[in-house]
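Novice:
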Amino acid sequence: MITNAIWDLDGTLYDTYPGILKALHDTLESIDVHIDQDELYKIIKHGSVTETAKNFARQQKLDEDEVLAEYHRREALEVMKATPYAQTAEVLQAVVDAGGNNLLMTHRDDKAWTLLARNGLDKLFLGGVTSDLHLARKPKPDAVLYLVDRYQLNPERTAMIGDRRLDVIAGQAAKVQGVYFNIDKLDDAPMADHQIETLMDIVPLLGR
């Protein structure tokens, strides 16, 4: 059973990938890297945007940090346009109604809370981790371990829920359940403790 749900934001609770993909694709085009958007999407879903941007910067013999900064500049203009998935509010409320807690784990800064507040979702969270805490990024377990310790969560009743393999790896490395949101049917985390295809698939797993 899951009492404490640690949620990834991008691609799990919010449909941010159109903006992410546009910003990254435009950044790569600006450095003469031409790649199909569908292929680029698969690359970042299997890995990370940061890793992808740096890899292409190296290929072009450009400064990695400068390319990444350009991506972040473009992406900042897109992210606040993102909307939650249709079932996001419902599933967050279901966790609370089951006597559980929602927690946020994102690589974004505290603007993530602004995004949640815009849709009235921030009040459904006990707390969370943003990049402002400067913890190691997934797949490192540091942020999950921080949440378990900070909020005194029972690891056996806690789950890290996300749409990428690295979300599951981070959760399992912290000794909590790893739930893979297989929204794109990429089947990239066969080792997950649970696999869901819609957010509401998590509801039967909830309980104290």
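Quick note, the sequence shown lines up with residues 50 to 257 if you use the working numbering.
Don't be surprised by glycine CBs; every beta carbon is placed ideally from N, CA and C.
Quantities reported herein were computed from a predicted structural model and do not represent experimental measurements.
1) Could you please give the first and the last residue of the uninterrupted beta strand (DSSP E) stretch that includes D57?
2) On the DSSP bridge assignment, give the partners of M209 in chain order.
3) Reducing DSSP to helix, strand and coil, say where I245 ends up.
4) Pick out whichever of I55, T101, D81, N53 has its Cα sitting closest to the Cα of I69.
5) Over the uninterrupted alpha helix (DSSP H) stretch that includes V178, give me the two end residues.
6) Please state if the CB of Q226 and the CB of D242 are separated by a distance shorter than 7 Å.
7) Quickly, what does DSSP pair Y334 with across the bridge? List them, please.
8) Nearest-angstrom Cα distance between D146 and N168?
Specialist: Taking the structure as given:
1) Counting from one through the sequence shown, the residue named residue 57 turns up at place 8. It spans 53 to 57 - the beta strand (DSSP E) in which D57 sits, taken as one unbroken run.
2) As a working note, residue 209 is residue 160 in the sequence shown. Answer is I55, G227, bridged to M209.
3) As a working mapping, residue 245 is identified with position 196 in the sequence shown. In the structure shown, I245 sits in a strand (DSSP, three-state: E or B).
4) The sequence position of residue 69 within the sequence shown is 20, counting from 1. Measuring from the Cα of I69, the nearest candidate turns out to be T101.
5) On the sequence shown, position 129 is the one that residue 178 refers to. Under the DSSP assignment, V178 falls outside any alpha helix (DSSP H), being part of the beta strand (DSSP E) whose first and last residues are 174 to 178.
6) Start at 1 with the first residue of the sequence shown, and residue 242 comes out as number 193. Start at 1 with the first residue of the sequence shown, and residue 226 comes out as number 177. Q226 is positioned such that its CB atom lies closer than 7 Å to that of D242.
7) Given a span of 50 to 257 for the chain in the structure shown, any question on residue 334 remains unanswerable.
8) Taking the first residue of the sequence shown as position 1, residue 146 is located at position 97. Taking the first residue of the sequence shown as position 1, residue 168 is located at position 119. Note on geometry: alpha-carbon atoms of D146 and N168 lie some 19 Å from one another.
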